[in-house]
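See below for the structure under consideration.
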Amino acid sequence: MLEALKHWVPRPLKQAARSAWQRERLRRAMRRLLALPTGVAPERPLLAELRVAWGNERFTADLDFLTEVTRLAAATQGPVLECGSGLTTLLLGALAGRRGVEVWALEHEPEWRRRIAAALRDHVAGQVYLWFSPLLWFSPLSDYGEFVWYAAPLPLMPDEFRLVVCDGPPAGTRGGRFGLLSVIGDRLPAGAVILLDDADRDTEQHTLRRWMRDVPLAVALRQLPSGTLAELTRC
């Protein structure tokens, strides 16, 4: 009977009901995350629940990557920089921003930024800054000559970042993620950690070789189901 009725429900109503259920599911999962004691990272079952509740699974970070992000976010004592934004932005806000640690997320897609900003307002109270263009509320991709990278609002940003979650710019951007150290490198002190996702891609391998040539870095590579994660520590 219910299956038969589904065929009579207009598609917009189905989509609205599905979206409402997804929001409620995310609200419950985020409530559980925010109930954790300060400094405690979530376990994998909760991260898996958050990942499903967030939706957009095709583009959402791998569960192992989320585990590393939350482990470091729960412990970092200094500002955090995120290149790109998504579910990880909410996790960083909940685990670092809620402790008074500044979180800066650079995002170049206006529509996506609006979704992330709305989710932060709904679920996270912390020091999370999303930057875009050209009103200083955007971080569009900018041509630096040798590479294209985010137009970061450097005069407004902290002098140091202790943790960088590097999952952008997107694949196909000229120079890939190489621009991170060229633009932000002087704000990464000894001991600062960079998490580089998709480190097995050709562009990221090239980026790693150039970074290691230019800057003293300790590199640890981890093979994940979806690819390779590089954890880089500034020496």
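Numbering-wise, the working numbering comes out as the position in the sequence shown, counting from 1, plus 1131.
Where a beta carbon is used, it is the ideal one built from N, C-alpha and C, also for glycine.
Note that this is a predicted model, so its numbers are computed, not measured.
task: Would you list the residues sitting across from residue 1351 in a DSSP beta bridge?
output: Within the DSSP secondary-structure output, residue 1351 pairs in a beta bridge with 1362.
message: Would residue 1278 and residue 1308 be called neighbours here (beta carbons separated by less than 7 Å)?
response: Against a cut-off of 7 Å, the Cβ pair of residue 1308 and residue 1278 comes out as no contact.
message: Using only the alpha-carbon positions, how far apart do residue 1086 and residue 1319 sit?
response: Given a span of 1132 to 1366 for the chain in the structure shown, any question on residue 1086 remains unanswerable.
- prompt: Contact check, residue 1363 vs residue 1348 under 8 Å by CB: the rounded distance?
  reply: Confirmed, Cβ separation roughly 5 Å.
task: Apply the 10 Å Cβ neighbour rule to residue 1337 and answer buried if 16 or more other Cβ atoms are within range, or exposed otherwise.
output: Exposed, because fewer than 16 other Cβ atoms sit within 10 Å of the Cβ of residue 1337.
- request: Pick helix, strand or coil for residue 1319, following the three-state DSSP scheme.
  value: Note: residue 1319 maps to coil in three-state DSSP.
- request: Kindly list the residues whose CB is nearer than 7 Å to the CB of residue 1194, restricted to its own chain and excluding five residues on each side of it in sequence; keep chain order.
  value: Taken in chain order, the residues that qualify are 1175, 1178, 1179, 1182.
- prompt: Short check: CB of residue 1207 to CB of residue 1225, under 7 Å?
  reply: Result no, Cβ atoms of residue 1207 and residue 1225 do not sit closer than 7 Å.
task: Since I believe residue 1359 is in contact with residue 1323 (beta carbons under 8 Å), could you give me their beta-carbon distance rounded to a whole number of angstroms?
output: No, residue 1323 and residue 1359 are not in contact; Cβ-Cβ is about 21 Å, not under 8 Å.
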